Each structure stands twice: as C-alpha cells, then as structure tokens.
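Taken in sequence, the protein lines are chains A and B.
Per my numbering, the first sequence runs over residues 1 to 699.
Per my numbering, the second sequence runs over residues 700 to 1398.
Protein chains: 2
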Amino acid sequence: MVLVPSISVTQDPVEAADVAAPRDRETQLSKFSQTLQNQQRQQARVASSGNEEADTVDSEKTASLTERSRWLTTAPQPPSAWHEVVDYLRGVGLPSGSKLSSLNKKPVTQRVACVLKATFPVLQWCRSYKPTHFKNDLMSGLTLASLCIPQSIGYATLAKLDPQYGLYTSVVPPLIYAMMGTSKELAIGPVAVVSMLISSMVPQIVDPGAEPVLYRNLVFTATFFAGIFQAVSGLLRLGFLVDFLSHAALVGFMAGAAVVIGFQQLKGLLGIAHFTNRTDVVSVLQSVWRSFHHDSWNPYNLLIGSAFLSFILITRFLGRRNRKFFCLAAISPLISVILATVLVYVTRADEHGVKIIKHIKGGLNPISAQQLQFNSPYIGQVIKVGLIIGAIALTEAMAVGRSFAAMKGYHLDGNKEMVAMGFTNIIGSITSCYTATGSFSRTAVNFSAGCETPVSNIVMAITVLMALELFTRLLYYTPIAILASIILAALPGLIDLHEAYHIWKVDKMDFLACIGAFIGVLFVSVEIGLLIAVTVSFVKIILISIQPGIETLGRLPGTDTFCNADQYPMAIMIPGVMVVRLKSSLLCFANASFIKERIMQWISRDDEGERKIDDFQTTQLIILDLSNLMSIDTSGIASLEELHKNLVSQGVEMAIVNPKWQVTHKLRLTNLMSKIGGKAFLTIQDAIDACPNAKLASI
Amino acid sequence: MVLVPSISVTQDPVEAADVAAPRDRETQLSKFSQTLQNQQRQQARVASSGNEEADTVDSEKTASLTERSRWLTTAPQPPSAWHEVVDYLRGVGLPSGSKLSSLNKKPVTQRVACVLKATFPVLQWCRSYKPTHFKNDLMSGLTLASLCIPQSIGYATLAKLDPQYGLYTSVVPPLIYAMMGTSKELAIGPVAVVSMLISSMVPQIVDPGAEPVLYRNLVFTATFFAGIFQAVSGLLRLGFLVDFLSHAALVGFMAGAAVVIGFQQLKGLLGIAHFTNRTDVVSVLQSVWRSFHHDSWNPYNLLIGSAFLSFILITRFLGRRNRKFFCLAAISPLISVILATVLVYVTRADEHGVKIIKHIKGGLNPISAQQLQFNSPYIGQVIKVGLIIGAIALTEAMAVGRSFAAMKGYHLDGNKEMVAMGFTNIIGSITSCYTATGSFSRTAVNFSAGCETPVSNIVMAITVLMALELFTRLLYYTPIAILASIILAALPGLIDLHEAYHIWKVDKMDFLACIGAFIGVLFVSVEIGLLIAVTVSFVKIILISIQPGIETLGRLPGTDTFCNADQYPMAIMIPGVMVVRLKSSLLCFANASFIKERIMQWISRDDEGERKIDDFQTTQLIILDLSNLMSIDTSGIASLEELHKNLVSQGVEMAIVNPKWQVTHKLRLTNLMSKIGGKAFLTIQDAIDACPNAKLASI
C-alpha cells in the first residue's frame, strides 16, 4: 500500500521516484489520452468519426487500458479466510488490545492502576465527584427507591418468589454495578421481562408450589449461569452477540412480553386462588374464565387494584404534562402502597377476601452460595434457562443504556457493560438475588430526576436496605392487587407501537420478524417467540444475498459512470452493448444457474419484452459488472464459464468488470480469466473501449 | 428508462429533444469542466494551486455535481418486494410464458401441436431421424442392455427387492423418458445411490425381511411421490430447487454414498447370511466382524466375486487405454455373469455354500397401481422418503445430463427434464418399477458407444424386456457375489477425488460442506449427511453476507476510479480524506454496530496501526462508499446515524456515495439523507470535490 502525498512528487522527485515514475508517466499519458478521448467522443457524437488524431490516441489509450486491466489480473493474493478471522478478532479485541500494548512500557504499579481503572470505572469518576453531583444523585436515588421498593416486591411475586427476594435484588446488584458499570443512568434491579422469563421457564423444571425451596435455588443457579455467560462473553469481547437479536425482533418480543405480563396480573387483580403456570394468553384466559366460572375471585381486589392503577396513571399523565408534578408521578406507587396498606389495615379488608402480602422476611441479604444446585439432575435445563435469561437481560440493559447514553452524548463500551452485568449477577446469585438488569421505567425516572453518576444507584440500594431492616413488618397488610396495578402501570413503556409502525414502513421483512416474535411470545412461549424472530432475521439475510436477478446499466449523461438504468431514468444505453450487473452479492449454487439462464433469456431473440436495447442493434458485447459480487463458489464459476461458452457460440463477446479481490483470486485459480480471453477490465468504459465492434457501435 | 442511440441525436434532434437537450447541455458543460478539471488537477500536482481559471470552472463543476447528486436523491421509488417476487416468478416462468403468449395468435390445432411438441420432444427429433442414426442407436442400445441387465439385478438386491424389479425398472422408465426427455445420452434405470437411499430409509418403516410385500408396496408408493414431486416442481418451474444441493455437497454426498454401497457389498461378496439394515459404516463393519466371528461366511463367494471384479476392472482399464477394447469393457459384466453362472451350474458350487439368485419371475411388468399404499399409517414417512429420493434422483440426473449435454454442446431445459423424470417415475410406480433416474456409468457407456438419440434407450428397454420374457430362468444359478462385484465395479465413477481437491483449492468453506456430507453419510445416515451439507452451505452464505469489516479505497493513478488499496497497491490515498467501503453486502442488526465501532476506531487517534493516511494530515472527510450495500435494515440505519453524530462531534465530515436503489429509498424513508445534510453523491470524486477542505487537502 503506497502513500504518496501528491505534493511530495515535486518537493523531491527522488524520494518517491519508484512510485512516482510510473505514476507520473501513467498520469500524463492517460490524462492526455482522456482529454483527447473526451474530445474524440464529442466529435464522434457530432457524427465525424475516425480522424487520424483519434487513431494516434487509440494506440495510447489501449496501452493504458491494457495496463489497467493488467493491474486487475495481477493483483496480489488476498488474505486467507484464516487471516480474515484473525483480523476480525483483533478488531473486536482492539480497545483492550491497544491499551495493553501501550501498557507494556509502563512500570508494574501503573499497569495495575490502569487495569483497575479499566475494570472499575468508579475509580475514574469518583475523583472528579462534587457535592453538587451528590445533591442530584441523592434526590434521584430516593425517587428511584420509592419506585423501586413496590416494583421489586411486585416483580418478585411475578417471578413466583417471596417478596423479599425482589428487595434483595435491589440491594446488591446496584452496588456492584455502580463500581463496574459505565452507564450513568442505568437503574439496576429486578425487571418485568426477566421475572416473567423465570416464571415461564423454571416452573417447567420444578413446581414452585410444591417445592418452593428447590425452585428458588434453581432460580439462583440460573442467575449464576446468566452472570457467567454475560461476563465470559464480555471478557471474550463477544459484545456483538447481543446484536444477534435484531432491533425489530426485540421490539416485538418486548411488546409480547408486556402483554403476557399484563394478562398474568389478572391473577393478583382478581385475587384468583388457582392460576396456571403457563404464560401463553390462551391458557391464562382459560384459567381466568375457570375462576369466574367457579366464582373463586374477589371483587374487592379488583376495586383496590383498579382504583390505585388509575391514580398512578393519572399522576404520571400529569407528570408528563407538567414538570413540577414529575416527583409526584415518581413516588405515586409508594404513596398508593402506603394508602392501600393503611386502608386494608383500618377496614380489615383481608378478612373479606382481599389478598395481602402477609409476612415479609426482613434483614440483610442472606448468603445463598451453598444453595446453588450445581450437581442437581436439572443442571442442563438450568444452564439453558440461564443462557436465555442472560442474553435477554443483556439485550435489554444494552438497549436501555445505549439509548440514554446517546441522549447525554457519551458512548457505552458494550464489552465492559457485559462484564459489569455478569459480575453483578454472579455476586447477586450468591447473595439471594435473582437476575438483575437495567430497568427501562426506573432508568427513565432516574434520568428525569437528574442523576449525575451511579451514586444514585448506591443511594437507592442503601434506602432499600434500610427498608428491609426496618419497614418490612409494615408491609404485612399491603394488598397484592396493588402490586399488580404497579406492574401494570410499568408495562406501557415496553410496548412501542410507533417504532413498530416505523419498522413496517421501512422494511416489511423486519416487521415480519417483529410480529413473529410478538405472536410467538403471546400464543406459544417465550423460547418459540425468540426462535421465530431469529429465524426470520437470518432467512431474510439469506434471501437478500441470493436473490437472483440482474439489472442493466446505462451511462449517466456527461460522465463515465454507469448506473442502474431503472434507478436513473436519464441513463443512456449504448447500442450493441449490454451492461449487466447482478443484484445478488453472491454467485453461488443457489442462484448461479438461474442468473445464467436469465442473462441468456435477455440476449436471446425470443423475448422482446425483456430487451432494453432497440432491435436494429443486435448485442455484440455483454459486460458483466461483478463489482457487487462478494464471493463466488464453484457452481458460480461453472455457470460463468457456461455463460461464456453459450455467448461465444452466439457470436457475442463477454467481458467482466471490476471483480472484487476474492473473486478475482478465484477466477484466476480456476483459470476462468484465461478462458474468457483475459477480458477483465477495471471500468465499464475500459471494457467498451477494448471491444472494437462495440466501440464502433457506441460512436 | 430512456434509450437514445447516440446517432439519432444528430440524425434528427427534434425526435429525442426532450432527452437530448439536457443531455447535450450536460455533456458539453461537464465535458468542458472535466477537461479543465483534469488540467487543473495536473497543474495542482505541479504545485501551482488556485488560478482564476480554476475558480471559474469550480462554480460550473459544483453545479454539475449538485445536479448529479440530485439525480441520486430524487431517484424514483424502487419496485416493492412484492413486485420483485412477481418479476422473479415471471423470470422463472418465462420460457413457457413467452411460448404461450406467442401461441395465442395461432389457431387451436397449431396450439395443440405446439403444446404436444413442447411436452414430447420425440415429435420434434423423430422427423429428422435417419437410418444412420438408428445404426448407432442400435449398437449403443445393445451395449447399454448388456451392462444394464446385470446392474439392474444388482441394484434391485441392493434396494432389498427381488431381482426382477430391477429389470422392470429398466423397461418402462426408459420408454417414457425417451418420449418426454430432452437429453440424448441419459441412460434411465435403477441407480446405485437411489437404491441405497431406499434400502436405508424404507426399512426404518417396515422390515423387508418380515413383510416383503408391504415393503415393496411402500417402495412403489415412495416412487410415486418422488415422481409427483419431480413433475410438480417442473410444472411450477421450480427447476432451481435442484440447485439447492450445492455442487460441493453433491460431490461429498456421492462419494459417501459410494463408499457406503461398497461396504454393503461385503454381504454379497462374503455370502453373509445375517446382515444389518443400517447403512453407516460402523454397524456394517460390526455385522461383518460378527459374521467372521461366527464363521457364517463362505470363501467361495469371495473367490468368485473378486475374480470377476478384477476381470471387469482389467477390461475397463484396457478399454480406457485402447478404443477397440471399449466394447469388451462394456459387455464384460454380462460376460462375467454368463461365465459365473455356467461355472456354478457345472461345479454345483451352490451346494458348497455359494449363494445364487435362484428363481427370477419372468414376464412383462405387472401393474402395481392397486398396490400403492395411500391410506397406510406410514403415509407421512413414505412421502418424506419420496421427497428425498425424488430430489436426489433429480439432482443426479441433472448433473449427469448437463455434463454430457455440455460435451455435445446443447442445453438441457431443467424444468422439462423435471417433468419428464416425474412422469417417468409416476408411470413407473404403477408398473412395478422403483425410482429410476439417469445412471452415470451407463450414460457414459451410452455416450461412448456413440448413441445419437433416445432411441438407444428404447432399444435397451426392448432388449431387457426380451430378456425378461425368455432368459430369466437361465439366471437361476447366477451367484450373488457376481452382482456385488458388478456394483463395486460401478462405484469408482461416483467418487471424484480430483473435483474434491479442486473444491478444496478454490473454497475451503465449500470443501467443508463437501466433507461434511461425506462424513455424515458415511458414519451417521443419508439424511444427516444431506442436512449437514445444506446447513453448511447456507451458514456460509450468512457468514459471507454479514462479515463485518471495511476496506480503504485509493485513487488509481491517472483515473477517477477508486479501488481497494490493498488489492491495488498502486492506488494513491488522498491526504485528509478517508474513503471507506463495507466488505459486507448488508448493514444489518448482525454487523451494523460492529462496523460503526470499527470505523470510529480507524479515525480515532489511538491506533496508528490501523491508520492508512499519514499523521500530519488529520482526517477531515470520511466517504462511505455504499455501492456494495444490497440492503440496510433499521439497525443499520440507526448505526449510520450514530456514526454521523460521532463524526460530527469530532469535527469530521461524512459523505455517502452511490447507495443502491433500495438503500437510497430507505435512507430517504428514514430522513437519514437530510440528517447527514444531503451529503450523498454518485461518485467518490464528486464527494471529494464537494467538500472544500478535502479538496484543498487533495490538491
């Protein structure tokens, strides 16, 4: 790869002589020829063809264009597939790689400091931490806690765990993440979707009703593996893994999950005793219907629930409309919990069938390390659950974190985030927490409450901890319906109809993935929903890359640029020459023979409909513009060869233009270059100039 | 889509005025500006920058290039996905479509005649059939029969059917194909691979030993469905379906099948009584070992088999070396059958443990229509088997037919072939034939015996028929070992090591598909082998289309063409400008964010290693050449937007160049065009000219 700042040539010709010499000759010559060529073409257009000037030029021109086509045919060997992979991995690893390389010069102490800083961003930002920051963080942290406490309890029940485990999950994980995470706003803790995932997958292994302890331990174990998966993929710099659930799929999945969660809240809202373990809408509605039928539900629950739900929604509406109501909106869940609890306590409504939380075990997170079930018979299923939960949690956290980081205009390091989330959950799993991640609703609150640093997470954690120590007994009379309404209030944030419409507008196939995930989650199960989404996304990739089809190119007026004649209606076809470009990026077993047939059809006489050039001018030259082609396989090469044979048998010349590096290499490996008489050129114009009859025709 | 033969402009300016007018102005103007631009750049290179002449030009040049970029941004809306599909299907259907359209003008009788001719090519070639043709066809037909009779019996036993069914399959199918097929050489009948497929899949449904009749009926039924599948996909013009088993996969599959068949022949060769029904090498060798252990095999079989095998191989070797031994090579199987039969008859070797065919039922094909098991409980599995057999049979027939057609320089219509094969098997299935297709070995013999038309197939069929009527009793004493050696002799043709090496040389990933199919067939089962092959092929497509990575482009000396700087070492980088092209053909969820990161790394200061341009010149303009991009999805667009934001925040301009039609459309739909300040250009040169600082730097 030579680099010659154009100036240097004149500054000192010797320095870059080796390169400059040929380049200069080249430049002079082809500039000259080009200028004349233009004139010539101009004159030619005014129908004065073949003056001796043109002749003298021709020789030089051909010289330069053969030179150019030699560049093409004698290109160096491309990097091997192995080399590509290594290069790719280096690219993936670069951020850390470059750091480490720069480290090696420094003394040990500094290196350690550097590594520590890289692992614990807290060491960086705590230096520049100011009291003003703390004021904001304190406020937002408290607001966060007021929303977090009821939500945590609600999500714990959603995950079929005792309420305190939700609170535990809001204590340790936020502290860990505050040390290791790179996002300033992300509010860590239990979230709706993950809780729903747990409650939909783990009960397939053991029945939470029958064996609550084993169920809980399996949940911890799954959390542990989720953490391992996240940390490992972060350390191995597999940050791109989270990208494999496409945006469209995620939108559909989230919406589906939200609806499912909503339906599940009917249990709490109606105070239904016996409820299905399955998550799909059908069986949920069935069991609701059954409970209606057997009248095993209680209107008071519905009354309380819906009353406070509307209260929360109204306050939020006000908060949106008017900034000064924002704080009210944020703490309205806590208010409603308190009010509802007092109400029930005063009216003793629990004796009239209102379901209440009853006892919540208080105190600090107990250690759960010895409860992880590594040698249980279910370990295989648990690992699978862990992977799914880990992936979804990660995807959600990244999506939320990135969107808010973008608002504040800083960048999240995907791999670092993964490591942070991973350790958060690993340590969580040994301190009685279930899988934690970044909650959308709470992060939004945190952001609008004006948090400055992860300190707001710390404040929240401490507040929740104090609540655990002191106030759990006060939650005895809290009605379960209120938890349902708090969860319901958090759901709309997960459904993004506007985005779905946008996807529909931009790409129908993406929308298919989106709606597929939605329906899959809604009517079958979470795994199926994800499976559908991923499958559709990849089938789309295949379809696009092998879509057979060709487009004719025409010259844009006043340029040497050739473009798709349908895209640029002003493009001019050259009589007697047909410039064809493949629409697909691969010429492979799946489309090669079809494309060959198609081209033969176009030039064969018996379908005028397809012919783009007028009839009195028969095609003398087919130019295959291969610039699209990423790769060609044996079938593709075979079909190119066949095409060339057929064309020659019909007295049509064939030239290929601007094949990519890999393709050029393969064409040379298989001697196709020589088989087509070396008719390979850099530009379409060169190809036309090189073919005498065609040029004559084009003049 | 305008078409203006350049001549017409001068011939009569009025006729094409609307187009010519702007074009001419365009041409004049930009030709002028281009010429001067060249001069200017030349002068600039000699370090005399900015003369007023250049200034005057600049305004015009910018005018023309804004004009050009307007063409890009105001391109008409691309055809919808639906339109694409319709167009594609029309493309698939075209051959017939065009015929029919041309038909509508003609009277009914002619139309019928036309359709008949299209369905029965025999009506076309029989007109021009000459006695000389018949002489050759007769000879080749007889040679074919001499090879076909022993092979058919052998393949029937391989398919676990009574010998006569192999002979039946060599009577009816060739006749049908001779009427409908378009290939002149293809020798139709039972083949090794299909027989092996049947014997490996149908026994999983019923045990041929326990219920021979049901087994046979299921084989007929499977054949029927294979025929239906073939005919239907031919009528629906799904000819491309056969392409979905890539060439590489087919090579591997054939080789694997050959080896498996070879091992299976150990049964006949050793005269083993109890042999496994499974086809994988391991269980075959196990049962061989067991029979050795229990000494339940007979050396005489091995003796006879290997003796005649070597005889056949030697004659073939001679035939290859010397043309006049060819006939001997062709009939050597028949000779060895006769000799072996006589030998056994004379020596009564069958009483010493030499296994013989015993009774073969003679006479014409019995009708088996009423034996098709449409309402059996196994129908589902049978249909599946039928589809697999049909696909494989078709693929083999097409591969063989095409290769020989290419030798004689005529073209096979894939869809017609499919219809022909389909009806061949449907009618075969109701006349006691199992699945027939084009045999490689026999087609080769047919070809070298100098056949002219499908008549050779007819001759063969009639000969076999006579054999069925007259000579079946003579085959009573034919040792089974001889059949094994005849099958073994036919196998080497299926193993193409040279092609495998070629695939390895050209494309490692293709080779993976090849070897995957081979190993899958060899050690697991036929279905698994096929599954591996197809999976690998499509995973390859995905990997290629989403491979992340970018390449820097440089200007080729003396041209306005920009090419990959690594592929063309003579390319010159423009200081201050970085021209980047994606290596992948899609910018989608799977690679978008990675590619964004990569570009940011390249321009960010902290990795000199990656920087292609020298340091005193900081990058002022990033040009994204999107000409590779087939499609972009929502994630891709989002990442482009983010990239633009980041670049702007670093004071770097970003321009996109030559996006494809669909991409342009989506960029417009999502307002990205306007978000990047309409910096979209047709050519890289335009983009450079449009950016003042960059142009200054490049001068």
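No residue lacks a Cβ here, since even glycine has one placed at the ideal position from N, Cα and C.
Since the structure is predicted, the reported quantities are computational estimates derived from the model, not experimental observations.
- Cα atoms of Gln1069/B and Thr1134/B: separation of roughly 17 angstroms, rounded to the nearest angstrom.
- Collapsing the DSSP output to three states places Pro1358/B in coil.
- Taking C-beta atoms as the reference points, Met179/A and Val419/A fail to come closer than 8 angstroms.
- Note on the stretch 323-390 of chain A: whole alpha helix (DSSP H) runs with a minimum of 4 residues are 326-347, in chain order.
- When rounded, the separation of the alpha-carbon atoms in Ile904/B and Ser1075/B is 11 angstroms.
- Residue-level contact by beta carbon fails for Tyr914/B and chain A, as no gap is shorter than 8 angstroms.
- Note on Pro1065/B: under 16 other CB atoms within 10 angstroms of its CB, so exposed under the neighbour-count rule.
- Within the stretch 1175-1199 of chain B, no run of beta strand (DSSP E) at least 3 residues long lies entirely inside it.
- Chain order gives the chain A residues near Ser1326/B as Ser627 and Asn628, where near means a beta carbon separation below 9 angstroms.
- Chain A has a Cβ within less than 8 angstroms of the Cβ of Asp1206/B.
- Under a criterion of Cβ atoms nearer than 9 angstroms, no residue of chain A is adjacent to Cys1026/B; the nearest Cβ is some 32 angstroms distant.
- When Cβ-Cβ separations below 8 angstroms define contact, Gly1257/B makes contact with chain A.
- Buried is the label assigned to Gln230/A, since at least 16 other Cβ atoms lie within 10 Å of its Cβ.
- Residue contact with chain A for Ser945/B: present (Cβ-Cβ distance below 8 angstroms to some residue of chain A).
- Proximity of chain A to Trp770/B at the Cβ level (cut-off 8 angstroms) is accounted for by Leu556, Tyr568 and Met570, in chain order.
- With distances taken between CA atoms, His359/A lies nearest to Arg473/A out of Lys675/A, Arg473/A, Cys451/A and Cys327/A.
- DSSP lists Cys1262/B as the beta-bridge partner residues of Gly1253/B.
- In terms of beta-carbon proximity, Lys184/A stays away from the interface with chain B, with every pair separated by 8 angstroms or more.
- Comparing alpha carbon positions, the residue from Ala1029/B, Gly967/B and Lys1023/B closest to Tyr999/B is Gly967/B.
- By the neighbour-count criterion, in which a residue is buried when 16 or more other Cβ atoms sit within 10 angstroms of its Cβ, Asp295/A is exposed.
- Short of 8 angstroms from the beta carbon of Val980/B, and not among the five residues preceding or following it, lie these beta carbons of its own chain, in chain order: Val958, Val959, Phe962, Leu1221 and Phe1222.
- Between Phe919/B and Ser1128/B, the C-beta spacing is below 8 angstroms.
- Counting along the chain, Ile1322/B sits inside the beta strand (DSSP E) bounded by residues Leu1320 to Asp1324.
- If you look at Leu241/A, you'll find it isn't in any alpha helix (DSSP H); DSSP assigns it neither H nor E.
- Taking the C-beta atoms as reference points, Leu309/A is found nearer than 8 angstroms to Leu488/A.
- Distance from the CA atom of Leu841/B to the CA atom of Thr664/A, rounded to whole angstroms, is 48 angstroms.
- Residues of the same chain with a CB within less than 7 angstroms of the CB of Pro1256/B, apart from the 5 flanking positions on each side, are Met1269 and Ile1271 in chain order.
- Scanning Ser1326/B, Asp1209/B, Glu1226/B and Phe1146/B for the CA closest to the CA of Cys588/A turns up Asp1209/B.
- Between Ala461/A and Val171/A, the C-beta gap is smaller than 8 angstroms, which places the two residues in contact.
- Contact annotation: the stretch 435-455 of chain A does not touch the stretch 234-252 of chain A, with fewer than three C-beta pairs closer than 8 angstroms.
- Taking a beta-carbon distance threshold of 8 angstroms, Phe538/A counts as an interface residue toward chain B.
- For Lys117/A, there are no neighbours in chain B by C-beta distance under 9 angstroms, as the nearest C-beta there is about 15 angstroms away.
- Within the stretch 487-507 of chain A, the residues whose Cβ lies closer than 8 angstroms to some Cβ of chain B are His502, Ile503, Lys505, Val506 and Asp507, listed in chain order.
- By the Cβ rule, the stretch 336-343 of chain A counts as touching the stretch 307-326 of chain A, because three or more pairs are nearer than 8 angstroms.
- Contact between Gly1215/B and Val1235/B is confirmed by a C-beta separation of about 5 angstroms, below the 8 angstroms threshold.
- Interface criterion not met: the Cβ of Leu1339/B is under 8 angstroms from no Cβ in chain A.
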